[in-house]
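Numbering-wise, the sequence shown is residues 249 to 643 according to the numbering used here.
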Amino acid sequence: MTILITICGGGNAAHVLAGLLGDREGFSVQIYTPYGDEAKRWQDGIQRNGGITVNTPTGKVVGHPRAVCRDPGPAVAGSRVVLLALPAFAHETILRQIAPHLSPSAWIGALPARGGFDLCARDVLKEGASDRSIFGFQTLPWACRIQRYGQSVGILGTKDQVDLTVWPPKLAPIIAAMMQEALGITLNPIGNFLSLTLADTGQLIHPGVMYGLFREWNGQPYKEPCLFYQGVDAATAEMLQQMSNEVQAIRVALEKRYSRLDLSAVRPLGEWLQRSYHAVIADSSTLQSSFVSNRAYEGLLAPMQKVDGGFIPDFKARYLSEDVPFGLLVTRGIAELAGIATPIVNQVLSWAQNRLEKDYLTTNGLQGADVCSTRAPQRYGFDSLDRFVLGMGYL
Ligand code: NAI
Numbered sequence: 249m250t251i252l253i254t255i256c257g258g259g260n261a262a263h264v265l266a267g268l269l270g271d272r273e274g275f276s277v278q279i280y281t282p283y284g285d286e287a288k289r290w291q292d293g294i295q296r297n298g299g300i301t302v303n304t305p306t307g308k309v310v311g312h313p314r315a316v317c318r319d320p321g322p323a324v325a326g327s328r329v330v331l332l333a334l335p336a337f338a339h340e341t342i343l344r345q346i347a348p349h350l351s352p353s354a355w356i357g358a359l360p361a362r363g364g365f366d367l368c369a370r371d372v373l374k375e376g377a378s379d380r381s382i383f384g385f386q387t388l389p390w391a392c393r394i395q396r397y398g399q400s401v402g403i404l405g406t407k408d409q410v411d412l413t414v415w416p417p418k419l420a421p422i423i424a425a426m427m428q429e430a431l432g433i434t435l436n437p438i439g440n441f442l443s444l445t446l447a448d449t450g451q452l453i454h455p456g457v458m459y460g461l462f463r464e465w466n467g468q469p470y471k472e473p474c475l476f477y478q479g480v481d482a483a484t485a486e487m488l489q490q491m492s493n494e495v496q497a498i499r500v501a502l503e504k505r506y507s508r509l510d511l512s513a514v515r516p517l518g519e520w521l522q523r524s525y526h527a528v529i530a531d532s533s534t535l536q537s538s539f540v541s542n543r544a545y546e547g548l549l550a551p552m553q554k555v556d557g558g559f560i561p562d563f564k565a566r567y568l569s570e571d572v573p574f575g576l577l578v579t580r581g582i583a584e585l586a587g588i589a590t591p592i593v594n595q596v597l598s599w600a601q602n603r604l605e606k607d608y609l610t611t612n613g614l615q616g617a618d619v620c621s622t623r624a625p626q627r628y629g630f631d632s633l634d635r636f637v638l639g640m641g642y643l
C-alpha cells in the first residue's frame, strides 16, 4: 500500500523531505507551498531537473514528488501524513489553511515542533482536536541548504538521533517506526509535548548568546561579523547555565507536583551538549569551553547585516523572532503557571522584546499586547497549572 505524504513548505527542510521521501518505495509525495511564487518555481525546477536532488556528503538521491500545489484542498485531501517543514511562525497560518481539508485520520507532524506546537494545533483544529494525531520532532535532523530552488539541496550534516513526541502516546511506536524507516534516521520517542517544549535548547542558546553578544551594542557597526558560538565568553556561559538551571527548576517543580509526569528528556544544557556533540568537543571542562571548542560550531556567525562601515546585528533574525515567541516565552509561560521565578530568563526576554519591538513580558507577567502572537499557554487561556497539564493530556 502506498502512503500519501504532503510536505508543507518550500524552504530547505521541504526540499530535503521531498527528495528523500519522493525517492522511497511505498510513499507518494505532494508539496503544499502557497507562499509567493514558490509553487511555480518548484514545478519549473522539478521539470528542469527531473526531480529534487538531495546531495549528501556520501552521495545523492533524487525524489519525484507527484504534485506541487498552491491550493490546500488538493494538497492534503487523502493524505495519511502531513509534514510541516516550516519555521514555527508559519505553522498556524498553514494549519488554518489545511485544517478544513484534512482527513480525520491524518497524522500531522512538525519538523521541528519548537515550543507549544501542540497548543497551536489543538487551537486551530478545534472540535475533536484532542482526537487528532499530531507529532513533533525536537529538531530538524539535518543541517541543509537549497542549492537550486526546486531542483537540489545539500545536506551538510545529519544528527545521530532526534527526539520525537506523539499524541496520542499509543501511536508513538507506529509513527516513530514509519518516520525512521522513511527518513533513515534514529528517532527517540519521548514522553509528551511538554518535554519537547521545555527540552528545546535552542530557546536558551539562541536568545541567550544574542543577549551575551549584543546587549551592550552601541549602534556602531562592527568591522567583521561576530562569531556566534565561539563568541560565548565566560559571562555569557554563566548566564546560559543559569537559564538552564531555571528550566531545571521548572522540571523539578512539575515532577514533584505530578508524580506520573515524565520530563526525563529535559536535560541540563551541559549534558545536552555532551550528548549531542561529545565526539567533536575538544575541551568539555566548562560550558564555555564546550561551546568554543565544538567543531560543529566552528566559524558559525551571528546573524548580522552588512551596512556602510561594517556589520550590525540582525535582531529580526530567527534566533530571536522564532526562538522567543515559539520557545523561551512558552517556557516562561509554563514557569508562570507553576509559580517558579525565572529572573535570568526574564532579563533575556526583556532585552529581546525591546529588540523585536514587541510587548510580551510586563511587571505582572505575560500580559503584554503581543502575547497573542506567541504560543505561551496564557495565549490559549490557560490560567492554572492543573488545567494546563491535565487539559493537554501530559500525564
Ligand atoms: P526556510 O527559511 O528555508 O523556510 C522558509 C519557507 O517557509 C519558505 O520558503 C516558505 O515556504 C515558508 N514560509 C515562510 N514564511 C511563511 C509565511 N509567512 N507563510 C507561509 N509560509 C511561509 O527554513 P528551513 O531551513 O527549511 O527550516 C525550517 C525549520 O527548521 C526552521 O524552524 C529552522 O529554524 C529549522 N532548522 C533548520 C535547519 C537548516 O539547516 N535548514 C537546521 C535546524 C533547524
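Each residue gets a CB set at the ideal place from its N, CA and C atoms; glycine is no exception.
In this text the structure is predicted, and so the values were computed from the model without any measurement.
On the premise that residue j lies in contact with residue i, defined as a C-beta separation below 8 Å, what is that separation, rounded to the nearest angstrom?
| i | j | result |
| --- | --- | --- |
| residue 515 | residue 523 | 7 Å |
| residue 412 | residue 386 | 7 Å |
| residue 287 | residue 277 | Wrong, their Cβ atoms sit about 14 Å apart, outside the cutoff. |
| residue 497 | residue 582 | With a Cβ gap of about 11 Å, residue 497 and residue 582 do not count as contacting. |
| residue 567 | residue 455 | 7 Å |
| residue 248 | residue 320 | Because residue 248 is not part of the residues shown, which for the chain are 249 to 643, the question remains open. |
| residue 342 | residue 317 | Their Cβ separation, rounded to whole angstroms, is 12 Å, which puts residue 342 and residue 317 out of contact at 8 Å. |
| residue 371 | residue 628 | 6 Å |
| residue 624 | residue 614 | 5 Å |
| residue 301 | residue 446 | About 38 Å separates the two Cβ atoms, so there is no contact after all. |
| residue 373 | residue 257 | About 19 Å separates the two Cβ atoms, so there is no contact after all. |
Expressed to the nearest angstrom, what Euclidean distance is found between the alpha-carbon atoms of residue i and residue j?
| i | j | result |
| --- | --- | --- |
| residue 596 | residue 612 | 17 Å |
| residue 537 | residue 477 | 10 Å |
| residue 443 | residue 429 | 24 Å |
| residue 289 | residue 313 | 14 Å |
| residue 618 | residue 351 | 33 Å |
| residue 440 | residue 275 | 27 Å |
| residue 560 | residue 483 | 22 Å |
| residue 564 | residue 512 | 33 Å |
| residue 635 | residue 503 | 16 Å |
| residue 474 | residue 550 | 6 Å |
| residue 366 | residue 324 | 20 Å |
| residue 558 | residue 569 | 23 Å |
| residue 249 | residue 471 | 58 Å |
| residue 591 | residue 434 | 37 Å |
| residue 545 | residue 639 | 39 Å |
| residue 322 | residue 542 | 45 Å |
| residue 481 | residue 426 | 42 Å |
| residue 620 | residue 375 | 21 Å |
Could you give the residue range of the alpha helix (DSSP H) that holds residue i?
| i | result |
| --- | --- |
| residue 264 | 260–269 |
| residue 357 | Taken as a continuous stretch (DSSP letters only), residue 357 belongs to no alpha helix (DSSP H), being part of the beta strand (DSSP E) at 355–358. |
| residue 643 | Run containing residue 643: none; DSSP gives neither H nor E here. |
| residue 559 | Careful: residue 559 lies outside any alpha helix (DSSP H), inside the beta strand (DSSP E) at 558–561. |
Nearest by alpha-carbon distance to residue i: which of the options is it?
| i | options | result |
| --- | --- | --- |
| residue 465 | 600, 374 and 266 | 600 |
| residue 610 | 594, 623, 620 and 624 | 594 |
| residue 347 | 380, 275, 309 and 530 | 380 |
| residue 355 | 371, 382, 323 and 366 | 382 |
| residue 388 | 359, 492 and 542 | 359 |
| residue 328 | 255, 363 and 281 | 255 |
| residue 315 | 453, 557, 293 and 336 | 293 |
| residue 458 | 519, 490, 603 and 573 | 603 |
| residue 281 | 250, 338 and 309 | 338 |
| residue 397 | 296, 553, 549 and 585 | 296 |
| residue 552 | 543, 544, 558 and 562 | 562 |
| residue 571 | 425, 495, 362 and 470 | 362 |
| residue 492 | 253, 521 and 470 | 521 |
| residue 431 | 638, 506 and 272 | 272 |
| residue 575 | 586, 253 and 368 | 368 |
| residue 622 | 333, 258 and 364 | 364 |
| residue 331 | 283, 461 and 269 | 269 |
| residue 305 | 326, 392, 336 and 251 | 392 |
| residue 336 | 481, 376, 519 and 573 | 573 |
Note down, in chain order, each residue of its chain lying with its Cβ closer than 6 Å to the Cβ of residue i, except the 5 sequence neighbours on either side.
| i | result |
| --- | --- |
| residue 394 | 260, 263 and 401 |
I'd like the list of long-range same chain contacts for residue i, defined as Cβ closer than 8 Å, with 5 residues on each side in sequence excluded.
| i | result |
| --- | --- |
| residue 390 | 261, 264, 403, 404, 405, 406 and 407 |
| residue 423 | 355, 357, 381, 383, 412 and 414 |
| residue 517 | 449, 452, 453, 488, 489, 491, 492 and 535 |
| residue 399 | 293, 294, 296, 297, 300 and 301 |
| residue 499 | 446, 511 and 514 |
Between which two residues does the beta strand (DSSP E) harbouring residue i extend?
| i | result |
| --- | --- |
| residue 253 | 251–256 |
| residue 513 | Per DSSP, residue 513 belongs to no beta strand (DSSP E) and is neither H nor E. |
| residue 392 | 390–396 |
| residue 317 | 315–317 |
| residue 381 | 381–385 |
| residue 301 | 300–304 |
| residue 377 | Neither: residue 377 is in no beta strand (DSSP E) and is coded neither H nor E. |
| residue 415 | 409–415 |
| residue 437 | 434–437 |
| residue 442 | No beta strand (DSSP E) holds residue 442; the alpha helix (DSSP H) holding it covers 441–447. |
| residue 348 | It is not in any beta strand (DSSP E) - residue 348 carries neither H nor E in the DSSP assignment. |
Does the ligand FMN have even one heavy atom less than 7 Å from the beta-carbon of residue i?
| i | result |
| --- | --- |
| residue 566 | Looking at this structure, you won't find the ligand FMN anywhere; what it does contain is the ligand NAI. |
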